[in-house]
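Have a look at the structure below before the remarks.
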Amino acid sequence: MSSLFLSLFIISHSLCVLVNSAGEVNDSLTLLWPLPAEFTFGNKTLSVDPALSLVVGGNGGGSGILKLGFDRYREIIFKNNHGVLALNTLRGSRQSYDISKLRIVVESADEDLQLGVDESYTLFVVKNDGKSIVGEATIEANTVYGALRALETFSQLCTFDYGSKSVQVNKAPWYIKDSPRFAYRGLLIDTSRHYLPIEVIKQVIQSMSYAKLNVLHWHVIDRESFPLEVPSYPKLWNGAYTKWERYTVEDAIEIVNFAKTRGINVMAEVDVPGHAESWGTGYPDLWPSPSCREPLDVSKDLSLDVISGILTDMRKIFPFELFHLGGDEVNTTCWNTTQHVKQWLEERNMTTKDAYQYFVIKAQEIAISKEWTPVNWEETFNTFPSKLNPKTVVHNWLGSGVCPKAVAKGFRCIFSNQGVWYLDHLDVPWDVTYDAEPLEGITDISQQKLVIGGEVCMWGETADTSDVQQTIWPRAAAAAERLWSRRGVTSRGNSYATALSRLQYFRCLLNRRGVQAAPVTNFYARSPPTWSGSCYDQ
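Numbered according to mature numbering (1 follows the signal peptide of the UniProt record, and there is no 0), the sequence shown spans residues -16 to -1, 1 to 522.
Dropping the structure here:
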């Protein structure tokens, strides 16, 4: 009730903060999402040359990822300028601009993208006053991935002025020094419950970069369907819904490469031993019996052999150091009622709980042998914490209080409390998502460092191509700011009071960029506008 009251209070005050009666955006707001760690600004307006050129420096200045990023953001920034630029060129006219070059200095040439890669940057946008560099904005970063985050921030500073038909930077000069609060800032997509075409997955990845999310957790297979090609066991994808709803090895590699050019890792998940009924479509011997189709048959070497084959093939596709092995919602009842499995258990003096533990640990050993760090859903930690490999990353989802227990035992943890960060829960409002705190209940600084970040989860039972983006956005952005921005930055003064206005603006920015982000304040997420009106009034 208190959360609902707070939402209503903020909503009732948001329009007077965001736009005035003339439809003009309130200049007192810092319309950057997520908020940078440190920033200052002025009161000048600078013009940006539609022929903006790139000047590079540093050991990483020649990066192909950097060049692609600059070209991509230049297209975004000057989307409305193409006709104007063509007309001016035809007339032979040439205007003068305050900013005609973007200088990007990248210290390192290393393009390895792993957990904890340096994403920090500084951004200077200043007017030529005889003291500063002539006609340039400047980005400095240690890695190309920090430079990509800076390009996103720069693109948000640039707005198209319809009166002058030019791109401008308001409130200059800008000085921004920024870095993320957490190393892991994730979004889960589920392509088993509903198949998502490659182009849709790319659209999701592209939109993630706008909010500075950096891990796509690809829950690619589950009990409902097995759409991924596995060369070692080619009949596995017989478990796909249809022959048209599949991903080849080349498709998966394309997605990983596309994500890397946007500074986003892809963490794949193979959920074992439960959630695996679809495996048996191609290999029925993986089922304990025709009437017991999951968990996988713990008594057969074939089950672990297939897992090893899947992980061997997937290691060639997914270079990210983390690999998700699931381990959740394992109902072992039918192990006890399937004669050959029951006999196997009795011969080893094992209970079904022991067998569940045995299977998870064996899967971890396989992943570790392939130089992956295993991630498991919290049930594994809740059931047998002392048996898990010390490298295990515990993935919270059932509720609060798990990460504090996990880090107290020395495990790393990912926060995804379903009550606040499950996007398929359509009745969770934006402010509940925004106010969630991954470090809740953890006061020891050394233990806080073991929380590597958090993840919002877009489970796919009711989401497909028709509605996945408007279910993800804009609530995923609320979590993205919590994961990127310093807690002090988003909580100090009236920052929280203005969060709704800034989020509404960011939602409209997503819309302008072609992302089907839903209205922020509708009671149920992803529901359409209730009536005519401005994007900024929804």
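Even glycine gets a Cβ: it sits at the ideal position worked out from N, Cα and C.
DSSP three-state label for residue i, please.
{"i": "N366", "result": "helix"}
{"i": "F23", "result": "strand"}
{"i": "E330", "result": "helix"}
{"i": "I291", "result": "helix"}
{"i": "I205", "result": "coil"}
{"i": "S342", "result": "Reading the sequence as shown, one finds Tyr at residue 342 and not Ser. Y342: helix per DSSP, three-state reduction."}
{"i": "P503", "result": "coil"}
{"i": "I88", "result": "strand"}
{"i": "Y81", "result": "coil"}
{"i": "G437", "result": "strand"}
{"i": "L2", "result": "helix"}
{"i": "F210", "result": "coil"}
{"i": "P18", "result": "coil"}
{"i": "Y105", "result": "strand"}
{"i": "V199", "result": "strand"}
{"i": "V110", "result": "coil"}
{"i": "Y489", "result": "helix"}
{"i": "Y508", "result": "coil"}
{"i": "Y231", "result": "strand"}
{"i": "W515", "result": "coil"}
{"i": "T474", "result": "helix"}
{"i": "A447", "result": "coil"}
{"i": "residue 523", "result": "The displayed coordinates of the chain run from -16 to 522. Any statement about residue 523 would go beyond what the structure contains."}
{"i": "H409", "result": "coil"}
{"i": "R497", "result": "coil"}
{"i": "L336", "result": "As written in the sequence, residue 336 is Thr, which differs from the Leu given in the question. Helix."}
{"i": "G44", "result": "coil"}
{"i": "Y520", "result": "helix"}
{"i": "L13", "result": "coil"}
{"i": "I49", "result": "helix"}
{"i": "S353", "result": "helix"}
{"i": "Y129", "result": "helix"}
Can you tell me where the beta strand (DSSP E) with residue i in it begins and where it stops?
{"i": "W414", "result": "No beta strand (DSSP E) contains W414, which is instead part of the alpha helix (DSSP H) from W414 to D419."}
{"i": "L30", "result": "K28 to G41"}
{"i": "I426", "result": "Where I426 is concerned, there is no enclosing beta strand (DSSP E), given that its DSSP letter is neither H nor E."}
{"i": "E124", "result": "E120 to A125"}
Candidates the options: which alpha carbon is nearest residue i's?
{"i": "R491", "options": "D11, L38, R230 and V504", "result": "V504"}
{"i": "Y129", "options": "C142, G147, T106 and Q140", "result": "T106"}
{"i": "I294", "options": "E349, V214 and E278", "result": "V214"}
{"i": "A463", "options": "N320, E103, E124 and L407", "result": "L407"}
{"i": "A131", "options": "M192, V89, V151 and Q152", "result": "V89"}
{"i": "L99", "options": "L306, I429, G44 and N27", "result": "L306"}
{"i": "V240", "options": "E91, D415 and P303", "result": "P303"}
{"i": "V377", "options": "G438, Y194 and E234", "result": "G438"}
{"i": "N366", "options": "A351, W356, T357 and S384", "result": "S384"}
{"i": "A351", "options": "L309, S148 and V391", "result": "L309"}
{"i": "P18", "options": "P274, L493 and N506", "result": "L493"}
{"i": "K354", "options": "R299, W263, N360 and C387", "result": "R299"}
{"i": "N172", "options": "V151, V391, W414 and V204", "result": "Looking at the sequence shown, residue 172 is not Asn but Leu. Closest by alpha carbon: V204."}
{"i": "residue 524", "options": "P34, D162, A502 and T446", "result": "Past the boundaries of the shown model lies residue 524; the chain is included only from -16 to 522, so the question cannot be answered."}
{"i": "S370", "options": "V386, W381, A390 and S31", "result": "A390"}
{"i": "V250", "options": "Y267, Q190 and S292", "result": "Q190"}
{"i": "C276", "options": "W263, D285 and L288", "result": "W263"}
{"i": "D448", "options": "A167, E229, E59 and W221", "result": "E229"}
{"i": "T265", "options": "D281, G223, N506 and S273", "result": "G223"}
{"i": "E183", "options": "L16, S84 and V452", "result": "V452"}
{"i": "K219", "options": "A236, P268 and T357", "result": "P268"}
{"i": "I426", "options": "Q402, W443, K393 and I456", "result": "K393"}
{"i": "W457", "options": "D102, Y194, A156 and R58", "result": "Y194"}
What does DSSP give as the partner residue(s) for residue i in the beta ladder?
{"i": "N360", "result": "V378"}
{"i": "F396", "result": "The question names Phe, but residue 396 is Arg in the sequence shown. According to DSSP, R396 bridges with V377."}
{"i": "M442", "result": "I173"}
{"i": "Y194", "result": "Note: Y194 sits in no beta bridge, so no partner."}
Looking at the unbroken alpha helix (DSSP H) that takes in residue i, where does it start and where does it end?
{"i": "V452", "result": "V452 to I456"}
{"i": "F62", "result": "From DSSP, F62 is part of no alpha helix (DSSP H); its letter is neither H nor E."}
{"i": "A93", "result": "Per DSSP, A93 belongs to no alpha helix (DSSP H) and is neither H nor E."}
{"i": "V9", "result": "Where V9 is concerned, there is no enclosing alpha helix (DSSP H), given that its DSSP letter is neither H nor E."}
{"i": "Q402", "result": "Q402 to W405"}
{"i": "W468", "result": "R459 to W468"}
Taking only runs that begin and end inside the segment 132 to 188, name each unbroken beta strand (DSSP E) of 3 or more residues, in chain order.
-> 142 to 145, 150 to 156, 158 to 162 and 168 to 174
Which whole runs of the beta strand (DSSP E) in the segment 236 to 321 are 3 residues long or more, in chain order?
-> 249 to 252 and 306 to 308
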